[in-house]
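In terms of my numbering, the sequence shown opens at residue 210 and continues consecutively.
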Amino acid sequence: MTGWSAGEIWFIIAALGLATYVIRFSFLGLIGDRALPEWLLRHLRYTPVAILPALVTPLVVWPATADGALSPPHLAGAVAAMGIGYWRKSPIWAVVAGMGAFLVVRAVM
Numbered sequence: 210m211t212g213w214s215a216g217e218i219w220f221i222i223a224a225l226g227l228a229t230y231v232i233r234f235s236f237l238g239l240i241g242d243r244a245l246p247e248w249l250l251r252h253l254r255y256t257p258v259a260i261l262p263a264l265v266t267p268l269v270v271w272p273a274t275a276d277g278a279l280s281p282p283h284l285a286g287a288v289a290a291m292g293i294g295y296w297r298k299s300p301i302w303a304v305v306a307g308m309g310a311f312l313v314v315r316a317v318m
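Written out as structure tokens, the structure is:
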């Protein structure tokens with residue numbers, strides 16, 4: 210199929226599992242019982258706010274379903290989510306509004 214042997218695939222799976230464990234242990238195991246500095250806690254508060262746009266933006270700008278062209282349903286959903294999110298300050302309402310706008314525009318088109 211891909212030219213990789215079963216042993217190579219299992220080695221890659223094990224190596225990635227070990228790497229994931231080491232990364233998590235470095236944070237939880239080594240400093241898990243200590244208090245984190247205030248500057249780090251302040252920065253970590255913005256992590257969820259940064260992750261959602263980072264995951265969604267490529268799907269809006271280069272949607273695979275439209276062969277990389279701008280898609281009106283994706284764009285409408287993004288604009289609705291940004292507007293409602295800014296207005297209501299609620300990620301749940303932003304996601305619901307974005308999904309609703311996406312589904313309505315997709316149904317109309």
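Beta carbons: idealized from backbone N, C-alpha and C, even for Gly.
Review point. Are the Cβ atoms of Ala285 and Val314 separated by less than 9 Å?
Key: Your numbering for residue 285 matches position 76 in the sequence shown. Your numbering for residue 314 matches position 105 in the sequence shown. Yes.
Exercise for review: Provide the residue span of the alpha helix (DSSP H) that contains Trp296, from first to last.
Suggested key: Indexing the sequence shown from 1 puts residue 296 at position 87. Run containing Trp296: 281-297, per the alpha helix (DSSP H) assignment.
Practice item. For Tyr255, name the three-state secondary structure that DSSP assigns. Key: Locating residue 255 in the sequence shown gives position 46, where the first residue counts as 1. Tyr255 falls in the coil class under three-state DSSP.
**Study point:** Alpha-carbon to alpha-carbon, Gly292 and Leu279
**Key:** In the sequence shown, residue 279 corresponds to position 70, counting from 1. In the sequence shown, residue 292 corresponds to position 83, counting from 1. So the two alpha carbons sit approximately 19 Å from each other.
Review point. Cα-Cα, which of Ile260, Pro246, Pro272 is closest to Phe311?
Key: Translated into positions along the sequence shown, residue 311 becomes position 102. Looking at the Cα atoms, Pro272 is the closest of the given residues.
Review point. Would a C-beta distance cut-off of 9 Å place Val265 and Ala290 closer than the cut-off?
Key: In the sequence shown, residue 265 corresponds to position 56, counting from 1. In the sequence shown, residue 290 corresponds to position 81, counting from 1. Contact flag set, yes.
Exercise for review: Can you grab the Cα-Cα spacing for the pair Asp242 / Arg251, in whole Å?
Suggested key: Translated into the one-based positions of the sequence shown, residue 242 becomes position 33. Translated into the one-based positions of the sequence shown, residue 251 becomes position 42. Rounded to the nearest angstrom, the two C-alpha atoms are 18 Å apart.
Exercise for review: Ignore the nearest five residues each way along the sequence and tell me which others in Asp269's own chain have a CB closer than 7 Å to its CB.
Suggested key: What you label residue 269 is simply residue 60 of the sequence shown in a count that begins at 1. According to the sequence provided, residue 269 is Val. The question's Asp does not apply to it. Once the five neighbours on either side are set aside, the close Cβ partners of Val269 are His283, Leu284, Ala287.
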